[in-house]
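Line order of the protein sequences matches chains A and B. Under this note's numbering, the final residue of the first sequence carries the number 142; numbering is consecutive throughout. Under this note's numbering, the final residue of the second sequence carries the number 142; numbering is consecutive throughout. Backbone N, C-alpha and C define an ideal beta-carbon position, used for all residues, glycine too. Report on the structure given below.
Protein chains: 2
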Amino acid sequence: MTDALEPSPDLTRNQALVFGRLTEAEAPLSAYTILDQLRNDGLRAPLQVYRALDKLVEYGLVHRLESLNAFVACNHPAGENSGASHGTVAFAICEECGGVTEFAEQDVVKRLQGWARTEGFHAHSTVIELRGLCENCTTA
Amino acid sequence: MTDALEPSPDLTRNQALVFGRLTEAEAPLSAYTILDQLRNDGLRAPLQVYRALDKLVEYGLVHRLESLNAFVACNHPAGENSGASHGTVAFAICEECGGVTEFAEQDVVKRLQGWARTEGFHAHSTVIELRGLCENCTTA
DNA sequence: GTGTGGAATGTTATGTCATAACATTTGAGA
DNA sequence: TCTCAAATGTTATGACATAACATTCCACAC
C-alpha cells in the first residue's frame, strides 16, 4: 500500500510537453489524444507519449485512471514543494462533463490497509475510482 | 454508489458458455482469452463474448477488473440464492499468481459514500482494486 | 577535452482490447 | 400465426499499448 515515490528530477523535453498538455486540460486525456495535440511540437509516435507518461506517473506528477484508460495531472492540496509525496488517492469521475476530482480519504486507505494486513496481502498500488455525475451535472 | 441490480434470468447459450469458462478459471480472463477457449463451442467473434460479458456484469454474476481489462466470476459469500444482490466490492489482485480475492469492506464504502454526499457527487459505480502480492506469493 | 555508459529518444511494426454497423435468427406473447 | 424485442452472427474498424532495435544526449570519470 505504498506507492513509493521517487524524487522528481527536471523534466525532459517530451515529459515537459506531455505534462504541460495534461496540466492545461480540464479533463483526462488519452495517450493518443495527447499525441495528436503534440504533433506540432515534434512528437510522432505513441511510444514517445507513453514513455513520458510512465515517468510522470513514477514521479507522482500524473495519475492514470484505470477505468478510463486515460491520464490526469496530479492535483493535490499541493503542500509539498515539488517532489509531491503522497500515498493512495481516489478519483471521482463525472461521466457528463468529464471532470475529475482527486481526493484522499485517509480512513478509506486505513481500512483497506487493515484488510490487507489481516489477509497477508502486500499491495503496492491501489485504485479507487467513483463513476457518476458531479454536482453541477446532476442539477443541470 | 448503487450498482443497481437486475434480476438475473436464465442465461442464454453464449452467456452460459462464457460464465462457465469464468467460473472454472482460477484467474481473471480477457475477453479474447475466453473467445479462444470457446472456439470449439462455436464462438467466432469478439462481440459474441463482449455481449455475453455485458449481460453477465449487468446481472452481477461477473465483475470487470478495470486495472486488468479482464473479467472474473463473482465470488460472494454466496448468500443470496440466484439474483445475487450486492453493492460495491473490492478486489485484491496478485501480480505473481494472478489470483483475485473479492471482498466487501462496508466501512470503506460508507466513507466513500460520505465523501460523495458532501460533494454532491452521484456515483453509479465504484472501482476498488489493490495490486500487489498475495500471502502465498509473498512468502514463496 | 575525450571517452564512456546509462538514460532518453526516434521509428517501424505489431499486439491487445473494444465497438460500429448491419443482416439474421429466436422465442414469448398477442 | 403474426409480431416485435432480444439475442445472435459476421465483417470491418477503432482505440489502447508495447516489442525491438537504432540513435542521440549528457553527466561524469579519466
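Identify each residue in the segment 114–137 of chain B for which the Cβ-Cβ distance to at least one residue of chain A is less than 9 Å, and report them in chain order.
Leu-114, Gly-116, Trp-117, Ala-118, Glu-121, Gly-122, Phe-123, His-124, Ala-125, His-126, Ser-127, Thr-128, Val-129, Ile-130, Glu-131, Leu-132, Arg-133, Gly-134, Leu-135, Cys-136 and Glu-137
Within the 8 Å Cβ cut-off, does Val-143(B) reach chain A?
Nothing can be reported for residue 143(B): it is not among the residues displayed for chain B, which extend from 3 to 142.
Contact check, Arg-160(B) vs Ser-69(B), beta carbons under 8 Å
Any property of residue 160(B) remains undetermined from this structure, which presents chain B solely from 3 to 142.
Since Glu-68(A) meets chain B, which of its residues come closer than 8 Å, beta carbon to beta carbon?
Along the first sequence, one-based indexing puts residue 68(A) at 66. What Glu-68(A) touches in chain B: Glu-68, Ser-69, Val-129 and Glu-131.
Looking only at its chain, what residues have a beta carbon closer than 6 Å to the beta carbon of Gly-100(A), apart from the 5 residues adjacent to it on each side?
Translated into positions along the first sequence, residue 100(A) becomes position 98. The answer, listed in chain order, is Ala-29.
Glu-60(A) in three-state terms, based on DSSP:
Stepping through the first sequence from its first residue, residue 60(A) is reached at position 58. Looking at Glu-60(A) - three-state DSSP - the assignment turns out to be helix.
Taking the DSSP output, what are the residues bridged to Ser-127(B)?
Numbered from 1 along the second sequence, position 125 holds the residue referred to as residue 127(B). According to DSSP, which records beta bridges pairwise, Ser-127(B) is partnered with Arg-133(A).
Looking at the C-beta of Thr-140(A), does it have a partner C-beta in chain B at a distance below 8 Å?
Here residue 140(A) refers to the residue found at position 138 when the first sequence is read from its first residue. Cβ-Cβ to chain B under 8 Å: yes for Thr-140(A).
With a CB to CB cut of under 6 Å and the five nearest residues on each side skipped, what residues in its chain are close to Ala-94(B)?
Taking the second sequence and counting its residues from 1, one reaches residue 94(B) at position 92. Around Ala-94(B): Thr-103 and Leu-132.
Buried versus exposed call for Thr-120(B) [16 or more other C-beta atoms within 10 Å across all chains shown]:
What you label residue 120(B) is simply residue 118 of the second sequence in a count that begins at 1. Looking at its Cβ environment, which holds fewer than 16 other Cβ atoms inside 10 Å, Thr-120(B) is exposed.
For Val-64(B), would you say it is in contact with chain A, using Cβ-to-Cβ distances shorter than 8 Å as the test?
Here residue 64(B) refers to the residue found at position 62 of the second sequence. Cβ-Cβ to chain A under 8 Å: no for Val-64(B).
Mind checking whether Tyr-178(A) and Pro-48(A) have CB atoms under 8 Å apart?
Examination of residue 178(A) is not possible in this model, given that chain A is present from 3 through 142 alone.
Have a look at Glu-82(A) and Cys-76(A) and give me their C-alpha separation to the nearest angstrom.
For the purposes of this step, residue 82(A) is taken as the residue at position 80 of the first sequence. For the purposes of this step, residue 76(A) is taken as the residue at position 74 of the first sequence. With a pLDDT of 45 at Glu-82(A), under the threshold of 50, the modelled position of that residue is not reliable, and no figure is offered here.
Hey, quick one: how far does the alpha helix (DSSP H) through Val-110(A) stretch, first residue to last?
Counting from 1 along the first sequence, the entry for residue 110(A) is found at position 108. Here the alpha helix (DSSP H) through Val-110(A) covers 108–121.
Between Ala-94(A) and chain B, is any beta-carbon pair separated by less than 8 Å?
Within the first sequence, numbered from 1, the residue matching residue 94(A) stands at position 92. It does: the Cβ of Ala-94(A) has a partner Cβ on chain B nearer than 8 Å.
Thr-103(B) - containing beta strand (DSSP E), residue span
Translated into the one-based positions of the second sequence, residue 103(B) becomes position 101. Looking at the DSSP string, the run of the beta strand (DSSP E) that includes Thr-103(B) is 102–105.
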